[in-house]
Amino acid sequence: KKRDLAALVHGRRHRRDVMEMGHVAFSKTVLKWRLIGEGYSSQLSVDDQRYIFRLAFRMWSEVSPLEFLEDQSSPLEDIDIRLGFGTGRHLGCTQRFDGAGREFAHAWFLGDIHFDDDEHFTAPNTGNGISLLKVAVHEIGHVLGLPHIYRTGSIMQPSYLPQEATFELDWMDRRAIQHLYGGCKGHFSTVFDWIRKERTQYGEVVVRFNTYFMRDSWYWLYENRNNRTRYGDPVAVQVGWHGIPSGGVDAHVHVWTRNTDAVYFFKGTQYWRYDGENDQVFTMDPDTGHRYPRLISEGFSGVSGPIDTAFFDRRDSHIYFFRGTDVYKFDIRANRLAAGFPKKITEIFPAVIPGNHPKGNLDAAYFSYLHNSIFLLKGTSYWRVAGMRDRLRRLSLPYNALMPQREVDQQWFDICNVHASALRI
Amino acid sequence: ENIFHNRDHSDVEMPSTHQAERITDKETAEQFLSKYGFLKPVNWEEVQSEETNLWSSDDFPVTSVLQEGSSTSRSGRSDSLFEPPEFIVALKEFQRVSGLPVTGVFDDATKTAMNKPRCGVPDKMDLNSTADHNSTSPALWNDTTITNETESEMFDFGVLNGTAQDNQHEPEGLGPIR
Chain A
1 KKRDLAALVH GRRHRRDVME MGHVAFSKTV LKWRLIGEGY SSQLSVDDQR
51 YIFRLAFRMW SEVSPLEFLE DQSSPLEDID IRLGFGTGRH LGCTQRFDGA
101 GREFAHAWFL GDIHFDDDEH FTAPNTGNGI SLLKVAVHEI GHVLGLPHIY
151 RTGSIMQPSY LPQEATFELD WMDRRAIQHL YGGCKGHFST VFDWIRKERT
201 QYGEVVVRFN TYFMRDSWYW LYENRNNRTR YGDPVAVQVG WHGIPSGGVD
251 AHVHVWTRNT DAVYFFKGTQ YWRYDGENDQ VFTMDPDTGH RYPRLISEGF
301 SGVSGPIDTA FFDRRDSHIY FFRGTDVYKF DIRANRLAAG FPKKITEIFP
351 AVIPGNHPKG NLDAAYFSYL HNSIFLLKGT SYWRVAGMRD RLRRLSLPYN
401 ALMPQREVDQ QWFDICNVHA SALRI
Chain B
1 ENIFHNRDHS DVEMPSTHQA ERITDKETAE QFLSKYGFLK PVNWEEVQSE
51 ETNLWSSDDF PVTSVLQEGS STSRSGRSDS LFEPPEFIVA LKEFQRVSGL
101 PVTGVFDDAT KTAMNKPRCG VPDKMDLNST ADHNSTSPAL WNDTTITNET
151 ESEMFDFGVL NGTAQDNQHE PEGLGPIR
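Structure follows, in structure tokens:
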């Protein structure tokens, strides 16, 4: 009887069978959660509780292909993860809580999370007590299928460790959740290094760069030295880049020569020049007086939008525009298309291994200052353009040859979407 | 309500009646080790009591559901069900995974560790029997828990080249900061 009731209650849960995979995980990637009405804590405002849980779910979403949606209207049986506070015997649960101290919460497979309201739970950065955020992230980890992990730094350690200033999901916990749900994959609209020039107190000019990945209307700052995106990303394009289309762009080009330093964003048939000093698009070009947005065909004769992507090659001071299977090589000094262009991408960027080539319809062309290489991205794969070093090692390599296909998520890690509703945090 | 005076409730007083029972002796330590899966379950056919149908192999999850103050605990019989070796083995396992000196003795360090705030999900469970029955006890896990040994080699990140340096991160404009 008990099993039937349990099956009824849990029966609709999407799950892969234990035996088949050796562990259990949700078989869908968008999961609904709700702080149930009869389970509010008496210690924090309801808004605080919901904000903390939203943040806790977002932290998992930032490192896995899962997306979480707070749902306060659907029937309760359609809610995948239900959270609630209680004390002693609570919420019809078979496990009673033990009062203040020791056990602070428990969680069910693919299911519910209960917090012991006799514990002194606190919101982030407020007073000492037990961080509700840290406990929530831990228990959500259980619901998603993670066990206790005895590893310093893991969020899944069984005992509560008073929270240092900040806590985040580290490399190993990310691998653990991705072992259950796979890595984060997807195409990108454009990828670029944003250059900042600063003057030191000795008058030297120091150049810094930050790497950005854009996908439709979102972007991530990628921290190369940490092999991850910035905590808290993605962010809406309109929040960080003012004046460019909020739905995202097709390409970013940084024309950087001895006497020119101009950044352009392209979308559809138009393009904008960006004012890095004031962090917004130019409405009028400070050098030419042209008004933005401007037609691509006016600014770059012989090229018409929409383009797939583009990049500026500092070696030969040309912009390479990609569209379908063609590439347009634009001479910025002569301000015209190079002779004989457009040509086939396969001709200008030949494959090192015959057939191992994106052919066309690229998503992004990215020159990385870190790797000192150009990467052509398409879908979840990339091809690196052979550079000087490669050609010194293999003299037979043609100029701009494309090295074999690799996976983007094996080079740049954990670039994950979050649910659109989670963007406002 | 729980009494507090500060605006941020940081001085909230928890009622003394609602204090968790502390682990103080071998008996309570045994209950702890059993509850969190360090002490393997025992076939209770002959020890089944009406009041607390603790578990049996097929219709109730492996992990025990200890009723606070229930009359029948695991060692309800006069002589402890667990011969010393099993208790010591379990105690050593707990000490090992908790990074304590592995003494097999219920010492102060072990007592302190057992009384720390912790998650109610057991550390060791028989995954198969619990999950199949839509367990009504906390989630999950087979006997192997992930410990330090499985830490993979960190990605060795080459030295930056060229004139530019990767700027840690400088939030641009109004980017929300966590």
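Just so you know, the protein sequences line up as chains A and B, in that order.
Quick note: the first sequence uses this note's numbering, first residue 1, plus one each step.
Quick note: the second sequence uses this note's numbering, first residue 1, plus one each step.
Glycine included, every Cβ here is placed at the ideal spot set by N, Cα and C.
Note that the structure is a prediction, hence the values are computed from the model and not measured.
In this structure, does DSSP put residue i in helix, strand or coil?
{"i": "S373 of chain A", "result": "strand"}
{"i": "H242 of chain A", "result": "coil"}
{"i": "M14 of chain B", "result": "coil"}
{"i": "E51 of chain B", "result": "In this predicted model, E51 of chain B has a pLDDT of only 33, less than 50, meaning its place in the structure is not dependable enough to derive any value."}
{"i": "D409 of chain A", "result": "helix"}
{"i": "A338 of chain A", "result": "coil"}
{"i": "R389 of chain A", "result": "helix"}
{"i": "Y212 of chain A", "result": "strand"}
{"i": "A56 of chain A", "result": "helix"}
{"i": "E198 of chain A", "result": "strand"}
{"i": "Q31 of chain B", "result": "helix"}
{"i": "R175 of chain A", "result": "helix"}
{"i": "D331 of chain A", "result": "strand"}
{"i": "I36 of chain A", "result": "coil"}
{"i": "H357 of chain A", "result": "coil"}
{"i": "Q95 of chain A", "result": "coil"}
{"i": "E21 of chain B", "result": "coil"}
{"i": "D326 of chain A", "result": "strand"}
{"i": "Q67 of chain B", "result": "In this predicted model, Q67 of chain B has a pLDDT of only 27, less than 50, meaning its place in the structure is not dependable enough to derive any value."}
{"i": "Y181 of chain A", "result": "helix"}
{"i": "L146 of chain A", "result": "coil"}
{"i": "S189 of chain A", "result": "coil"}
{"i": "S368 of chain A", "result": "strand"}
{"i": "T126 of chain A", "result": "coil"}
{"i": "H290 of chain A", "result": "coil"}
{"i": "E77 of chain A", "result": "helix"}
{"i": "E93 of chain B", "result": "helix"}
{"i": "V137 of chain A", "result": "helix"}
{"i": "E86 of chain B", "result": "helix"}
{"i": "L423 of chain A", "result": "helix"}
{"i": "K26 of chain B", "result": "helix"}
{"i": "L69 of chain A", "result": "strand"}
{"i": "S61 of chain A", "result": "helix"}
Pull up the DSSP beta-bridge partners for residue i, would you.
{"i": "K28 of chain A", "result": "Note: K28 of chain A sits in no beta bridge, so no partner."}
{"i": "F115 of chain A", "result": "A:F85 and A:A105"}
{"i": "M114 of chain B", "result": "In DSSP, M114 of chain B forms no bridge with anything."}
{"i": "S297 of chain A", "result": "The partner list for S297 of chain A (beta bridge, DSSP) is empty, contrary to what the question assumes."}
{"i": "L402 of chain A", "result": "A:A351 and A:V385"}
{"i": "S159 of chain A", "result": "B:R118"}
{"i": "V281 of chain A", "result": "A:Y274"}
{"i": "A310 of chain A", "result": "A:F321"}
{"i": "K40 of chain B", "result": "Bridge partners of K40 of chain B: none, in fact."}
{"i": "K378 of chain A", "result": "A:S381"}
Compare the beta carbon distance of residue i and residue j with 8 Å and say whether it is the shorter of the two.
{"i": "A100 of chain A", "j": "M14 of chain B", "result": "yes"}
{"i": "I319 of chain A", "j": "G305 of chain A", "result": "no"}
{"i": "L83 of chain A", "j": "V24 of chain A", "result": "no"}
{"i": "P404 of chain A", "j": "V327 of chain A", "result": "no"}
{"i": "I307 of chain A", "j": "F282 of chain A", "result": "no"}
{"i": "F413 of chain A", "j": "R228 of chain A", "result": "yes"}
{"i": "G37 of chain B", "j": "D107 of chain B", "result": "no"}
{"i": "I155 of chain A", "j": "L144 of chain A", "result": "no"}
{"i": "L91 of chain B", "j": "T110 of chain B", "result": "yes"}
{"i": "D409 of chain A", "j": "G183 of chain A", "result": "yes"}
{"i": "E139 of chain A", "j": "I177 of chain A", "result": "no"}
{"i": "Q43 of chain A", "j": "D117 of chain A", "result": "yes"}
{"i": "K185 of chain A", "j": "T380 of chain A", "result": "yes"}
{"i": "F97 of chain A", "j": "G86 of chain A", "result": "yes"}
{"i": "V207 of chain A", "j": "R199 of chain A", "result": "no"}
{"i": "A29 of chain B", "j": "M125 of chain B", "result": "no"}
{"i": "S159 of chain A", "j": "K116 of chain B", "result": "yes"}
{"i": "N428 of chain A", "j": "L337 of chain A", "result": "Absent from the structure is residue 428 of chain A, since the part of chain A shown begins at 1 and ends at 425."}
{"i": "V255 of chain A", "j": "I244 of chain A", "result": "no"}
{"i": "I415 of chain A", "j": "F121 of chain A", "result": "no"}
{"i": "G247 of chain A", "j": "D216 of chain A", "result": "yes"}
* Asked: Counting Cβ pairs, one atom from each stretch, are 3 or more of them under 8 Å apart for the segment 118-134 of chain A and the segment 98-110 of chain B?
  -> These segments do not touch.
* **the segment 338-355 of chain A touching the segment 281-291 of chain A, judged by at least three CB pairs closer than 8 Å** => Here the segment 338-355 of chain A does not lie against the segment 281-291 of chain A, with fewer than 3 beta-carbon pairs under 8 Å apart.
* Can at least three beta-carbon pairs, one atom from the segment 27-37 of chain A and one from the segment 61-69 of chain A, be found at a separation below 8 Å? -> The segment 27-37 of chain A is in contact with the segment 61-69 of chain A.
* Just checking, does the segment 236-253 of chain A make contact with the segment 182-194 of chain A on the three C-beta pairs under 8 Å criterion? -> A contact exists between the segment 236-253 of chain A and the segment 182-194 of chain A.
* May I ask you to verify whether the segment 384-391 of chain A touches the segment 358-375 of chain A, counting CB pairs closer than 8 Å and requiring at least 3? => Taking a cut-off of 8 Å on C-beta distances, the segment 384-391 of chain A touches the segment 358-375 of chain A, as three or more cross pairs fall below it.
* Can you check the segment 220-279 of chain A for any alpha helix (DSSP H) of at least 4 residues that lies completely inside it and give the ranges in chain order? => Every unbroken stretch of the alpha helix (DSSP H) spanning 4 or more residues and falling wholly within the segment 220-279 of chain A is given here in chain order: 237-240.
* When the Cβ atoms of the segment 46-57 of chain A are set against those of the segment 165-174 of chain A, are three or more pairs found closer than 8 Å? -> The segment 46-57 of chain A and the segment 165-174 of chain A do not touch, with fewer than 3 CB-CB distances between them shorter than 8 Å.
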